[in-house]
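Going left to right, the sequence shown walks through residues -14 to 244 as this note's numbering numbers them.
C-beta atoms are modelled at their ideal positions from N, C-alpha and C, and glycine is treated no differently.
Since the structure comes first, as C-alpha cells, the remarks are kept for the end.
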Amino acid sequence: MKSQIGLVYSVTVMNIVLFDGSPGFSRNDARYQHIKKILKKGVGDSFLAGIVDGPEGVATITALDDASLSFSFKPERPARPLFPVHLVVGFPRPIQLKRLLRDVASLGVASVTLSGTDLGEKSYRESTLVDRGAAHEGLLEGCMQAGGTAVPLLDLVDSVDVAIDRAFSQAGARVILLDTVNPDCGLVNSPLLDGVSAKSPLVMIVGSERGWTARERALFRDAGCAVCSLGTRILRTETACTAAIAIALARSGLMEGNA
C-alpha cells in the first residue's frame, strides 16, 4: 500500500528531502520550512534530494518566496535497495504506529505487514491513520532520516492466519516469531540470521501489546516458524521491532554491507 506524499509533515530531521511529482513545496509543507529555516537555503543554493522510490541527487533552488519554493533536480545515483528483511507486527496502538513505522523504515526493512491478532484491540485496526496517509508518512519520515529514497511496502491483514500464509509464500523465506514463551533460542544466537539475502529473505513476527494466544502460537509452530526471544524482559512493541531488526541486520552482515 503506497500513497503520494502529502503536503504537511511533522518531520524534524531530513538528511535527504524526498519529493514525488513536481519539484516544489508550498509554505505549509514542512520540507519548505526545513529548507528555508533549518538549512537556511536561498535561490541558487543546493540540498540533497531524491524521488520517492527513485534516484538520489542534488536539488538547486530556482525560486523562493513567502508562498512557495521551486527547485531543479539532478539525479546522481540510483535508489539504494532496502534490506531483505520483512516485518510482521500485531497492530499497535495508533499513537505508537507512526513512530514504529518511522523507526523500522529508517533501519531499511523491505516491508511492514500490520496484522490483526486474537487479543489485539479491534479499534486500533479501524483507526484512520492508514486511510489518511499518516502511516505512509511515518515510513517517509524514516527514509528521510536515513537518507534513502526506497520506501518499504506497507500492507494490512486481518489475522495472523493470513500473515503466516503470506510470510511463507516468499520463496526461500526463513520466518522467526519473537516470543518470550518457550523460545527455541535467543534471537542473537539464531542460525537463521546467517546468510540472509534476497534469495533467502528474513521475516520477523512481533506481537501486539497483549501478546499471542495459544491458538496463534500453535499456528506459528505448525507452519514452521522458529521461535526466538529478545530475553526475559517484556518489551513494548516498537522497542521489540527496532531491537530485533537491528540484531538481525548486524548478525547477517547486512548492516555493514557484508552479506
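Beta-carbon gap between residue i and residue j smaller than 8 Å
{"i": "Cys226", "j": "Val89", "result": "yes"}
{"i": "Ala131", "j": "Gly93", "result": "yes"}
{"i": "Gly127", "j": "Leu82", "result": "no"}
{"i": "Leu67", "j": "Val97", "result": "no"}
{"i": "Ala211", "j": "Asp169", "result": "yes"}
{"i": "Phe76", "j": "Gly35", "result": "no"}
{"i": "Glu201", "j": "Asp103", "result": "yes"}
{"i": "Glu241", "j": "Arg84", "result": "no"}
Spatial neighbours of residue i in its chain, beta-carbon cut-off 6 Å, leaving aside the 5 residues before and after
{"i": "Pro60", "result": "Pro40, Gly42"}
{"i": "Asp143", "result": "Gly101"}
Residue of the options minimising C-alpha distance to residue i
{"i": "Phe4", "options": "Val94, Leu125, Ile161, Ser144", "result": "Leu125"}
{"i": "Val160", "options": "Pro137, Asp179, Pro186, Val147", "result": "Pro186"}
{"i": "Ile247", "options": "Lys184, Pro176, Ser175, Thr165", "result": "Look at the range of the chain in this structure, -14 to 244, and you will see that residue 247 is not part of it."}
{"i": "Ala52", "options": "Gln18, Phe58, Ala95, Ala34", "result": "Gln18"}
{"i": "Ser136", "options": "Arg78, Gly196, Ser91, Ala148", "result": "Strictly speaking, residue 136 in this sequence is Val, with Ser absent from that position. Cα-wise, what sits closest to Val136 is Ser91."}
{"i": "Leu234", "options": "Asp207, Trp197, Val181, Leu85", "result": "Val181"}
{"i": "Ser247", "options": "Met(-1), Glu241, Asn0, Asp50", "result": "No answer is possible for residue 247: it lies beyond the span of the chain, which begins at -14 and ends at 244."}
Other residues of its chain near residue i: CB distance less than 7 Å, five sequence neighbours each side excluded
{"i": "Phe56", "result": "Pro8, Gly9, Ala44, Thr45, Ile46, Thr47"}
{"i": "Leu252", "result": "Nothing in the structure corresponds to residue 252, since the chain is present only between -14 and 244."}
{"i": "Phe32", "result": "Val2, Ile20, Leu24, Lys26, Ala44"}
{"i": "Ser(-5)", "result": "Only weak support exists for where Ser(-5) lies, its pLDDT of 48 falling under 50; the value from the coordinates is given anyway. Correct list, in chain order: Ala15."}
Near the ligand ATP: residue i beta-carbon under 7 Å from a heavy atom
{"i": "Lys25", "result": "Looking at this structure, you won't find the ligand ATP or any other ligand, since it has none at all."}
Point to revise | Touch test, the segment 65 to 82 against the segment 18 to 36, Cβ-Cβ under 8 Å, three pairs minimum | key: no
Check your understanding: Does the segment 11 to 27 come close enough to the segment 145 to 156 to have 3 or more Cβ pairs within less than 8 Å?
Key -> no
Practice item. Jot down the residue ranges of each uninterrupted alpha helix (DSSP H) in the segment 73 to 135, minimum 4 residues, whole runs only, in chain order. Key: 79 to 92, 107 to 110, 119 to 131
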